[in-house]
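Residue numbers (our numbering): 275 to 586.
Beta carbons: idealized from backbone N, C-alpha and C, even for Gly.
Contents: one structure, followed by commentary.
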Amino acid sequence: MSENNLEINSQLLLGYIAASGPSGCFNDDVEKAMPNLSNEERVSAINHLISKRLIDIYQSGSKLGYKTRAPENEPADLAGADTEEKIVYGIIKEAGNKGIWMRDIRLKSNLQPNVLNKVLKSLENKKLIKAVKSVSAYKKKVYMLFELEPDSTLTGGSWYSDQDFESEFVDVLNQQCYRYLIELRQKHESDPSSVKKGPLALYNLSSAHPTQVCKFITDLGISKVPLSDEDIRTILDTLLYDGKVERKVTLGGDFTYRAVNPLIDAPGLVKLPCGICSVINECHLGGSASPLSCPYLKTWGEKPIIKVQMED
Numbered sequence: 275m276s277e278n279n280l281e282i283n284s285q286l287l288l289g290y291i292a293a294s295g296p297s298g299c300f301n302d303d304v305e306k307a308m309p310n311l312s313n314e315e316r317v318s319a320i321n322h323l324i325s326k327r328l329i330d331i332y333q334s335g336s337k338l339g340y341k342t343r344a345p346e347n348e349p350a351d352l353a354g355a356d357t358e359e360k361i362v363y364g365i366i367k368e369a370g371n372k373g374i375w376m377r378d379i380r381l382k383s384n385l386q387p388n389v390l391n392k393v394l395k396s397l398e399n400k401k402l403i404k405a406v407k408s409v410s411a412y413k414k415k416v417y418m419l420f421e422l423e424p425d426s427t428l429t430g431g432s433w434y435s436d437q438d439f440e441s442e443f444v445d446v447l448n449q450q451c452y453r454y455l456i457e458l459r460q461k462h463e464s465d466p467s468s469v470k471k472g473p474l475a476l477y478n479l480s481s482a483h484p485t486q487v488c489k490f491i492t493d494l495g496i497s498k499v500p501l502s503d504e505d506i507r508t509i510l511d512t513l514l515y516d517g518k519v520e521r522k523v524t525l526g527g528d529f530t531y532r533a534v535n536p537l538i539d540a541p542g543l544v545k546l547p548c549g550i551c552s553v554i555n556e557c558h559l560g561g562s563a564s565p566l567s568c569p570y571l572k573t574w575g576e577k578p579i580i581k582v583q584m585e586d
């Protein structure tokens, strides 16, 4: 039996059992009400519903019966809801804080689009669920329980604001984390007592755990949102890929980071602020933005490229 057929049979069976009331129904009743289902299909659907904790099985004399399972910690607003709302609520609840696409809800519930839209709207109005936009697909929405905080894979974490990547904020964090590691290394390399302890001890003293760097950034007060050690680790890893720091594995399997002296300076073009400029496509001589009037380039040290343009 295909997965899709199993879901359809399970939802039909669940609907019939729920319509039978709190006392449920017997196996004989199910056979008569759903004659199109083979014995194998019926057993598979029942087992599927039991595994999802949607129905309970009980014995009454020699008869086998089924009844819908009372949802655990069911919200008061859902107590008088119809079967469709309870099914959709259960599917969304199962998805957790990563949410679930509307298409997947439709496939799992087997509801028609117009019916599903009404159910979702009703649950949203009751503040039982909410729609959240994902940074990976900003035109689509995922649904989750109203009280849950979206997973960072949806919101983009600390680096996104209203689905926009905060490149300037990341650049500032990069600079400040690197500054902390540079100053830490210089502090110990210029301290005779640290040097006397030997090369290995000096290396360890010059290295920092993400927790230390995170505290430094927090004390600076440059972030409007609380940053975690994992956030700072991400920033430190970008410095690692840039060749500005090195990483060492500790005995506990964690990492520490230490500033290094790059073998060669980065090419001038790499250092240009144009790489993160939002109007670079409009920037040209005589344009609304021009390299001759750019305030960022004016503070960027030597500018041979700009001098050539001025001569031309």
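_My output table needs one value for A587: the three-state DSSP class, helix, strand or coil._
Residue 587 falls outside the range modelled here, since the chain spans only 275 to 586, and no answer is possible.
*Does DSSP put K461 in a helix, in a strand, or in coil?*
Numbered from 1 along the sequence shown, position 187 holds the residue referred to as residue 461. K461: helix per DSSP, three-state reduction.
_Local Cβ density within 10 Å of T524, reported as buried at 16 or more and exposed below that_ = In the sequence shown, residue 524 corresponds to position 250, counting from 1. T524 should be labelled exposed.
*Check each candidate in C299, D303, P309 and I361 and name the one with the smallest Cα separation from K341.*
By one-based count along the sequence shown, residue 341 stands at place 67. Looking at the Cα atoms, C299 is the closest of the given residues.
*Within 7 Å (strictly less), CB to CB, does S502 reach chain D?*
Protein chain content of the structure displayed is limited to a single chain, and chain D is not contained in it.
_Checking 7 Å against the spacing of the C-beta atoms, do D503 and T485 come in under that value?_
The residue you call residue 503 lines up with position 229 of the sequence shown. The residue you call residue 485 lines up with position 211 of the sequence shown. Against a cut-off of 7 Å, the Cβ pair of T485 and D503 comes out as a contact.
*asked:* Less than 7 Å between the beta carbons of L510 and Y477, yes or no?
replied: The sequence position of residue 510 within the sequence shown is 236, counting from 1. The sequence position of residue 477 within the sequence shown is 203, counting from 1. The answer is no: Cβ separation not under 7 Å.
*In DSSP terms, what Q333 is bridged to*: For the purposes of this step, residue 333 is identified with residue 59 of the sequence shown, where counting begins at 1. For Q333, the pairing in a beta bridge is given by DSSP as L338.
*Is there at least one non-hydrogen atom of the ligand HEM closer than 6 Å to the beta-carbon of S312?*
Within the structure as shown, the ligand HEM is missing, as the structure has no ligands at all.
*Does DSSP classify V544 as helix, strand or coil?*
Position 270 of the sequence shown, counting from 1, holds the residue named residue 544. Confidence in V544 is poor, its pLDDT being 47 and thus under 50, which makes the residue's placement unreliable; the coordinate value appears in the next sentence. V544 falls in the helix class under three-state DSSP.
*In its own chain, which residues sit with a C-beta less than 7 Å from the C-beta of A475, not counting the 5 before and 5 after it?*
Translated into the one-based positions of the sequence shown, residue 475 becomes position 201. Closer than 7 Å at Cβ, skipping near neighbours: no residue.
_Going by beta-carbon coordinates alone, are L479 and S468 separated by less than 7 Å?_
For the purposes of this step, residue 479 is taken as residue 205 along the sequence shown, with counting starting at 1. For the purposes of this step, residue 468 is taken as residue 194 along the sequence shown, with counting starting at 1. Yes, Cβ-Cβ distance for L479 and S468 is below 7 Å.
*asked:* I need the boundaries of the beta strand (DSSP E) containing E421, first residue and last residue.
replied: Indexing the sequence shown from 1 puts residue 421 at position 147. E421 -> no beta strand (DSSP E), and no H or E assigned at all.
*asked:* Could you compute how far the alpha carbon of K518 sits from the alpha carbon of K414?
replied: The residue you call residue 518 lines up with position 244 of the sequence shown. The residue you call residue 414 lines up with position 140 of the sequence shown. Going by C-alpha positions, K518 is about 38 Å away from K414.
_Beta-carbon proximity of A319 to N283, cut-off 7 Å_ = Taking the first residue of the sequence shown as 1, we reach residue 319 at position 45. Taking the first residue of the sequence shown as 1, we reach residue 283 at position 9. Yes, these two residues count as a Cβ contact at 7 Å.
_Going by DSSP, what residue range makes up the beta strand (DSSP E) through K518?_
Counting from one through the sequence shown, the residue named residue 518 turns up at place 244. Run containing K518: none; DSSP gives neither H nor E here.
*Helix, strand or coil for A563, going by three-state DSSP, please let me know.*
One-based indexing of the sequence shown puts residue 563 at position 289. DSSP, reduced to helix, strand and coil, places A563 within a strand of the structure shown.
_Span of the beta strand (DSSP E), counted from its first residue to its last, around R532_ = Working through the sequence shown from its first residue, we reach residue 532 at position 258. Taken as a continuous stretch (DSSP letters only), the beta strand (DSSP E) holding R532 covers F529 to A533.
*Can you check whether the CB of I365 is closer than 7 Å to the CB of R343?*
In the sequence shown, the residue the question calls residue 343 occupies position 69. In the sequence shown, the residue the question calls residue 365 occupies position 91. Result no, Cβ atoms of R343 and I365 do not sit closer than 7 Å.
*Looking at L422 and D351, is the spacing between their C-beta atoms short of 7 Å?*
The residue labelled residue 351 in the question sits at position 77 within the sequence shown. The residue labelled residue 422 in the question sits at position 148 within the sequence shown. In this structure, L422 does not lie closer than 7 Å to D351 by Cβ.
*If we call anything under 7 Å between Cβ atoms a contact, is I374 one with V317?*
Sequence index remark: in the sequence shown, residue 374 carries index 100 (1-based). Sequence index remark: in the sequence shown, residue 317 carries index 43 (1-based). It is not a contact, given that the beta carbons lie outside the stated cut-off.
*asked:* With the cut-off set at 7 Å, would you say V393 and E359 are in Cβ contact?
replied: Within the sequence shown, numbered from 1, the residue matching residue 393 stands at position 119. Within the sequence shown, numbered from 1, the residue matching residue 359 stands at position 85. A contact, by the Cβ cut-off of 7 Å.
*Flag this pair as touching only if the segment 283-296 and the segment 320-339 have three or more C-beta atom pairs under 8 Å; answer yes or no.*
Contact check between the segment 283-296 and the segment 320-339: three or more CB pairs, one atom from each, fall below 8 Å, which counts as touching.
*asked:* According to DSSP, simplified to helix, strand and coil, what is K414?
replied: In the sequence shown, the residue the question calls residue 414 occupies position 140. In this structure, K414 counts as strand in the three-state DSSP scheme.
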